[in-house]
Each structure stands twice: as C-alpha cells, then as structure tokens.
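First the structure, in the form of structure tokens, and then the observations on it.
2 protein chains.
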Amino acid sequence: MKPGLEALSTGKDAMPLYVQIRRMLVARISSGDWPPGMAIQSEISLARELGVSQGTVRKAVTDLVETNILRRKQGLGTFVATHDSDRALFHFFHIADDDGHKALPESRVLGFRRNKASRLEAARLQLKAGTAVIRIERVRSIAGAPTVVETITLPEKLFAGLGKNGETELPNTLYEYYEQRFGITIHTSQERLKAISATARDAALLKLEAATPLLEIERVALTLDHIPVELRVSRCNTRNHHYQNTIF
Amino acid sequence: MKPGLEALSTGKDAMPLYVQIRRMLVARISSGDWPPGMAIQSEISLARELGVSQGTVRKAVTDLVETNILRRKQGLGTFVATHDSDRALFHFFHIADDDGHKALPESRVLGFRRNKASRLEAARLQLKAGTAVIRIERVRSIAGAPTVVETITLPEKLFAGLGKNGETELPNTLYEYYEQRFGITIHTSQERLKAISATARDAALLKLEAATPLLEIERVALTLDHIPVELRVSRCNTRNHHYQNTIF
DNA sequence: AAGTGGTCTAGACCACGTA
DNA sequence: ACGTGGTCTAGACCACTTG
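Quick note, the sequences are listed as chains W and G, same order.
Whatever position you read off the first sequence (first residue = 1), add 40 for my numbering.
Whatever position you read off the second sequence (first residue = 1), add 40 for my numbering.
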C-alpha cells in the first residue's frame, strides 16, 4: 500500500472522511513526497484508491486550493502550489506606491553574516538562545529610489551554505529561492507593523534625514507545518509608498 | 413569483447555476429584503423553489459563508451576518499589544462637525468636491492609555441626523451602530498604512512628545455593493502596540 | 480520443437545536 | 418529533488540454 494510503477511519467518533483525506494530502506534501509544482493524483484515481466517491475527494482538494496549498488547472490536473513571482507580488508583498501600483523592488545585498541569534530572533524563530543564524542585510529600491532597509534572519541549520562560496547576491523572489534550493516552502506569514524613527544608518542608506519616521514590518514566515523559518525586519520609507491591506 | 425568483438561465453560455443563485442571494441581502441577523430560507426550500438540487444551493451558500456574508448554524439555519463585537475585534480591528493580545479600546468623542468634503475625503468616498460630510474626531484608549487619535468621515446624506439632538457619544462598535441605526452594513475595508510624525495636536492628545513617529491607518469601508461609506484615519502610538496581519 | 477538473442530480443518513 | 445544516454516494454530462 502506498504511503499515506492507510485505511480511512469510519468509526463513530471519526473525523469526516474529507478531513482525513485533506490531512493525508497535506502530509504527503509537507513530507516532500509531492514537491511544489508536481501534479497530484487525479480526483477519480484518489477516490478509487481510497474507496470513496469523487465528491468527497473533491471537497478535500477544494479546501487545500482555498488555502493556496494546491492549484487546479482544468483539463490538466491539480498541482502543488509554487512560489512564482506573481505569488510573491500579490500575496506576500504589500507595499504599493500612492497611486496603488505594486512592483517588486530591485534589491542590493549589503552583506551576509553568521551570528548567534539575538533574543528577538530566538523568540520569533523558536530557537534556543545562541543558536547559529544567518543574517542578511539588503536595501530594496523602487523605481530607482532606495525605499526599504531589510534584515533577514534564517536558522543556519535549515539554510546551510547560503552566502558561502562567494555568493554575494540573492534572487529577487526569495521564497522561490528557498523552495528551489533548500526545499523550504513558505506557506503563511505573520506581520507586526510599527512606526519607528530612522537610525543614522537607516537614514544614510535611504538618503533621508535622521529620525525620519519609518514603517517597520516584522515578519515571521512559517512552513506548512507551522514551523517559523524566516524573520524579516523591513524598515520602509513611506513618503511616497504605503502598506496596503484589504479586509474581507 | 417572489422577488429574485426569476427563472434561472440554463442556456449554453449561461453562468453556472450556483453562481446565479449566489448573485440572487446577494441581491436579496444588499437590497435589504433580508436584513442582517435574519434567517434565510433553508437550503431544501430554496432548492425546491428554484428547481435545483440541494447540493447546488449549498454551493452558492457556502461561497457566501466563506466571504462572511452569511453564517451557518447547524440545526438552526443560515443567517445574514451581523456586526457584533466579536466580528469587530477579530475581523476589522488589527491593533494588539506587544504580547499579541487584542482588546477593543474605549473611545472618547472630541466632537462632531459638519463640513464640506476635503479633496482626500471626496476622492476616497467617491463624492463630488464640496459634498456635505460629517466628521467625527475621537481618542481611543487601551488599558487606560490614550493610544489612537481617529478622524471618521461619513457622507451626510447616508448618515443624516448623526451627532445631532445632543448626541455627544458613540457606541464602541461603530459598524454595529451603522447597521442598526442607518441600515448600512460594512462588508470590506481597504487600509493604507504609513509612518508619520505626530502633530502638536496628536502629541497633546496622546501625551507624547511632538514629532513622535505614529502609525497612520487610512481605512475606506465599503458596503456589499462596493460603495465607500466611511473614511477613517487613525494615528496610533505604537510604543507598546502594533498592527498585526496574518497572510495565508 | 482520452483524461482532467467543473457542474449537477436525487437520493441517503448523520449531528444538532428547538419544541 | 421535526427541521436545520453536514457528510457522502454513484452516477451523469460539460469544458478544457494534450496526444
């Protein structure tokens, strides 16, 4: 029997079948059995193997499509979601200019450092104090103007080798890179926003006066299994840009 | 034939039945035919009237439940969503203290004014320049500490009578109030966040030094028909609080 | 032509809340 | 006991993509 195809439970207090199926699918995806971009089994084939009707499989798949874990393509199949630049732009990137237009900024890496996790980093990434981390600093520019100073912290253990062997630049869509190089897929992120004063360094990098108000975005990015894998602190000049959020 | 119960279209290029049904339900709700809190027809009854199966009605209803337009209660029925304080807190209010706890702040109204719409107000509320608006200013306090200075702008036409006849206070959950007193239901909101410097007035009201960085949240609230009905500009002291956002 | 997802039916039975 | 939503089946046919 294929992995993950244990018999479904049908007892009295059992979870609904579609919930069991959904969990089985998530398990196969987060285990790496079905990597991002791969087509999963068709609904009919799954239904036959599991001994349920197509509608039940369909409900499980629909749940995962709605949470951006799977993507359906009519006539083709259902695929494990990937991090392309569209997803980065429309899903995880919230800065727009004041006319409402979004564009992924170019980025310039200032440096890679290997350090022990600060108290904040350890707390946010659920690491023990002093765990080895990689710290990346970069400046992101929109339409040529430096707009965001960003510090990215990653657990060394999960991202071994990053920034070594003369690597001095990074792709613009980092989550795609994490997925392809390290097999780490970001699924959710939690952001905290505050208004702060630019430090002297911020001001120099963004060509602003010291103590200009900046929007600080502290983001923790989580995998499908809710494991925090990236801490990103972005300090943004919101003179001509803003953070946009739509609430349904 | 009841309103909204025109025959469903089944032609070749017709929309799927569940889309037609969903739109019919939205029309009945946004027209006020089914006000907030009312139970809608049961799925089976709707299916019989429309000559479709329960599953088709169910799919339409499910879509509306997922967009917070309807609420299902097993054993009871399906109800038009209302703005209770829970929804305000968990859905529209994004300020939390730095331990991650949310609590609706108390509010003190500083004044109601009737004015002509500013250029910004007119643009955001899609009004002609100079349209009459009501402007409300208030300070919101969390755990006793004044934390947010807020200016709320409403089209006079839709909120006639608000702030008259000696009315000097407002309920804490405004959207509930709009719904109950004016029959206006907020469905979506769009927020733009920036970091700004506290004005002298902000600083005085929030008991801060002048020019402290504040988080400015500019929110436009829309009805089900996507009509903007409220502009709210909140300036928040983020010394001990932050704006939180989760991205799935 | 064959295989995929997308819509729809006509039933069945279960879980829940009210009376 | 009754009516509600919640789950599930076993089929059918359509729309789309690829060989």
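Note that CB positions come from ideal geometry on N, CA and C, so glycine has one too.
Please read these numbers as outputs of a predicted model, since none were measured by experiment.
Neighbourhood of residue i by C-beta distance below 7 Å, restricted to the same chain and skipping five residues each side
i: Q60 (chain W); result: L48, S49
i: L57 (chain W); result: L48, V92, T96
i: R62 (chain G); result: A100, D103, L104
i: D242 (chain G); result: V189, L254, R275
i: F288 (chain W); result: none
i: G223 (chain G); result: G72
Nonlocal neighbours in the same chain, by C-beta distance under 6 Å from residue i, ignoring five residues either side
i: M55 (chain W); result: none
i: N108 (chain W); result: A121
i: L202 (chain G); result: I174
i: S158 (chain W); result: none
i: L86 (chain W); result: V97
i: T286 (chain G); result: none
For residue i, the three-state DSSP class (helix, strand or coil)
i: L110 (chain G); result: strand
i: R127 (chain G); result: helix
i: S70 (chain G); result: helix
i: L45 (chain G); result: Because the pLDDT at L45 (chain G) is just 46, under 50, the model does not fix this residue reliably, and the point stays unresolved.
i: I166 (chain W); result: As written in the sequence, residue 166 (chain W) is Gln, which differs from the Ile given in the question. DSSP places Q166 (chain W) in coil when its eight states are reduced to three.
i: S147 (chain G); result: strand
i: A172 (chain G); result: strand
i: A102 (chain G); result: Here the sequence assigns Thr to residue 102 (chain G), which means Ala is not the residue at that position. Looking at T102 (chain G) - three-state DSSP - the assignment turns out to be helix.
i: I80 (chain G); result: coil
i: H134 (chain W); result: coil
i: F119 (chain W); result: strand
i: I224 (chain W); result: coil
i: I182 (chain W); result: strand
i: L264 (chain W); result: coil
i: L254 (chain G); result: strand
i: R279 (chain W); result: coil
i: V188 (chain W); result: strand
i: T193 (chain W); result: strand
i: E270 (chain G); result: strand
i: E207 (chain W); result: coil
i: T286 (chain W); result: strand
Test: residue i CB closer than 9 Å to a CB of chain G
i: I236 (chain W); result: yes
i: N285 (chain W); result: yes
i: L271 (chain W); result: no
i: Q114 (chain W); result: no
i: G170 (chain W); result: no
i: H123 (chain W); result: no
i: Q220 (chain W); result: no
i: H282 (chain W); result: yes
i: H131 (chain W); result: yes
i: H266 (chain W); result: no
i: A87 (chain W); result: no
i: R232 (chain W); result: yes
i: S229 (chain W); result: yes
i: N205 (chain W); result: no
i: T191 (chain W); result: no
Residues of its chain near residue i, where Cβ-Cβ distance is below 8 Å and the 5 sequence neighbours each way are ignored
i: H281 (chain G); result: I135, A136, D137, D138, I182, T187
i: P76 (chain W); result: V120, A121, T122, H123, E219, T225
i: S82 (chain G); result: G117, T118
Any C-beta of chain W under 9 Å from that of residue i
i: N155 (chain G); result: no
i: P43 (chain G); result: With a pLDDT of 41 at P43 (chain G), under the threshold of 50, the modelled position of that residue is not reliable, and the figure given next carries that caveat. Output row for P43 (chain G): interface = no.
i: L165 (chain G); result: no
i: S70 (chain G); result: no
i: H134 (chain G); result: yes
i: A244 (chain G); result: no
i: V59 (chain G); result: no
i: T278 (chain G); result: yes
i: V83 (chain G); result: Rather than Val, the amino acid found at residue 83 (chain G) in this sequence is Glu. Not an interface residue.
i: P253 (chain G); result: yes
i: E258 (chain G); result: yes
i: E177 (chain G); result: no
i: T187 (chain G); result: no
i: S107 (chain G); result: Reading off the sequence, residue 107 (chain G) comes out as Thr, not Ser. Yes, T107 (chain G) lies at the interface with chain W (some Cβ there is under 9 Å from its Cβ).
i: F288 (chain G); result: yes
Distance cut-off 8 Å: residue i Cβ against heavy atoms of the ligand FMN
i: T239 (chain G); result: Looking for the ligand FMN in the displayed structure turns up nothing, as the structure carries no ligands at all.
Practice prompt. Evaluate the contact criterion for the stretch 205-218 of chain G versus the stretch 207-217 of chain W: three or more CB pairs, one atom per stretch, below 8 Å.
Written response: no
Item to complete: Tell me the start and end of each unbroken alpha helix (DSSP H) in the stretch 226-251 of chain W that is at least 4 residues and wholly inside, in chain order.
Response: 240-246
Discussion item. With three or more C-beta pairs closer than 8 Å as the rule, is the stretch 259-271 of chain W touching the stretch 139-152 of chain W?
Written reply: no
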